[in-house]
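The structure appears below as structure tokens.
Chains as they are written, first to last, in this note's numbering: chain Z, 74 to 186; chain B, 10 to 165.
If you want it as structure tokens, here you go:
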């Protein structure tokens, strides 16, 4: 899959030792039950496995079904992570396509007082 | 002669088109990866899905889990569900939507450093009970909430 843009978007927030990570993957997540304008079924196309690694540990190992919304969004909390750490993300869909990325955990820009 | 040629062309075109459609249709289920829990995810009712995923259907409710879901969802195509588990050693969190054709939406296996919290968006076909299953320290717990959907999110 030659894609210029990464399918991942992450946003992290830190509170003490715990990081809240929001992750969004760009993916159509077709259920296989929708029809196009001509009435033909659009074949199912959805992410089946999504994993997230931090410092060599698998912190999240997810299996998804067609009923997860388009452009899946996952939010989770991770302890023992600090700003600047790298998250390794990877997904595989039912057509065998996959994408992986290594992203730095950055906190959102704080509002100026 | 000319007419025969037309017929031949037409029939070959039709044959190749159907052939392609069949192979495309057949490829989809075969491409399913071994690691994906096919029996649980393709199950048509909650009990089969639970048997496939956890091997048990008798799951007690627990007040140590909180499920946050809207009481009324405007659109079923994107309903945010979040689960907070205050149980020790939370290993996995699953989301099920009872009335969906395939009830099991997602299973999140958490690492040892991941806190018992997951939030995600799911599609809900019609008003239904939403069930969250939490596995903690080898035991299963559940919680459910009824979500009313104004416009269904499956099959558009």
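For glycine and all other residues, C-beta sits at the position ideal for the given N, C-alpha and C.
- Item | Simplified DSSP state of residue 87 of chain Z, which is helix, strand or coil | Correct three-state label for residue 87 of chain Z: strand.
- Report the rounded CA-to-CA distance for residue 167 of chain B versus residue 82 of chain B, giving the unit in angstroms. Because chain B is modelled from 10 through 165, residue 167 of chain B falls outside the range shown and cannot be assessed.
- Exposure label - residue 145 of chain Z; buried when at least 16 CB within 10 Å: By the 10 Å Cβ count, residue 145 of chain Z comes out buried.
- Task: Pull up the distance between the alpha-carbon of residue 172 of chain Z and that of residue 94 of chain B, whole angstroms please.
- Result: Roughly 30 Å between the two C-alpha positions.
- How would you write the range of the alpha helix (DSSP H) that residue 59 of chain B sits in, first residue to last? It spans 55-63 - the alpha helix (DSSP H) in which residue 59 of chain B sits, taken as one unbroken run.
- Query: Is there at least one Cβ from chain B nearer than 8 Å to residue 180 of chain Z's Cβ?
  - Reply: Not closer than 8 Å to any Cβ of chain B, the Cβ of residue 180 of chain Z fails to qualify, so no.
- Task: Note down, in chain order, each residue of its chain lying with its Cβ closer than 6 Å to the Cβ of residue 96 of chain Z, except the 5 sequence neighbours on either side.
- Result: Here the set comprises 83, 147.
- Query: So which residues on chain Z does residue 115 of chain B lean against when the C-beta distance must stay under 7 Å?
  - Reply: Here the neighbours are 135, 136, 137, 138, 141.
- Item | Under 9 Å from the C-beta of residue 100 of chain B: neighbouring residues of chain Z | Per Cβ cutoff of 9 Å: no residues; residue 100 of chain B is ~11 Å from chain Z at best.
- Which first and last residues belong to the alpha helix (DSSP H) in which residue 49 of chain B is found? Start and end: 47-50.
- Message: If you measure between the beta carbons of residue 98 of chain Z and residue 108 of chain Z, is that distance less than 8 Å?
- Response: Residue 108 of chain Z sits away from residue 98 of chain Z, with the two beta carbons spaced by 8 Å or more.
- Spatial distance of residue 3 of chain B from residue 150 of chain Z (CA atoms): There is no way to answer for residue 3 of chain B, as the model of chain B reaches only from 10 to 165.
- From this set, B:110, B:77, B:118, which residue's C-alpha is nearest residue 8 of chain B's C-alpha? As shown, chain B starts at 10 and ends at 165. That puts residue 8 of chain B outside it, with no answer to give.
- Task: Identify the contact partners of residue 127 of chain B in chain Z, using a Cβ-Cβ distance below 8 Å as the criterion.
- Result: For the C-beta of residue 127 of chain B, the chain Z residues within less than 8 Å are, from N- to C-terminus, 147, 148, 149.
- Could you give the distance in angstroms between the alpha-carbon of residue 137 of chain Z and the alpha-carbon of residue 91 of chain B? The C-alpha of residue 137 of chain Z lies about 15 Å from the C-alpha of residue 91 of chain B.
- Task: Going by CA-CA distance only, name the one from B:142, B:146, B:147 that's closest to residue 71 of chain B.
- Result: Ranking B:142, B:146, B:147 by Cα distance to residue 71 of chain B puts B:142 first.
- Interface partners of residue 152 of chain Z on chain B, CB under 8 Å: Chain B residues near residue 152 of chain Z: 122, 123, 124.
- Task: Specify the secondary structure class of residue 125 of chain B as computed by DSSP and reduced to three states.
- Result: The answer is strand: DSSP assigns residue 125 of chain B an E or B state.
- With 8 Å as the threshold, decide whether the Cβ of residue 56 of chain B is near any Cβ in chain Z. Cβ-Cβ to chain Z under 8 Å: no for residue 56 of chain B.
- Item | Identified DSSP bridge partners for residue 137 of chain B | Its beta-bridge partners are B:156.
- Task: Leaving out five residues on either side along the sequence, give the residues of the same chain with a beta carbon under 6 Å from the beta carbon of residue 123 of chain Z.
- Result: Short of 6 Å from the beta carbon of residue 123 of chain Z, and not among the five residues preceding or following it, lie these beta carbons of its own chain, in chain order: 135, 164.
- Task: Please go through the same chain and pick out, in chain order, the residues whose beta-carbon is closer than 7 Å to the beta-carbon of residue 66 of chain B, but skip the five residues on each side of it.
- Result: Excluding positions up to five away in sequence, the list reads 56, 59, 60.
- Message: On a Cα-Cα basis, can you pick out the residue from Z:143, Z:131, Z:168 that is closest to residue 160 of chain Z?
- Response: Minimum Cα distance to residue 160 of chain Z is reached at Z:131.
- Task: Would you identify the three-state DSSP class for residue 78 of chain B, choosing helix, strand or coil?
- Result: Residue 78 of chain B sits in coil when the DSSP states are folded into three classes, being neither helix nor strand.
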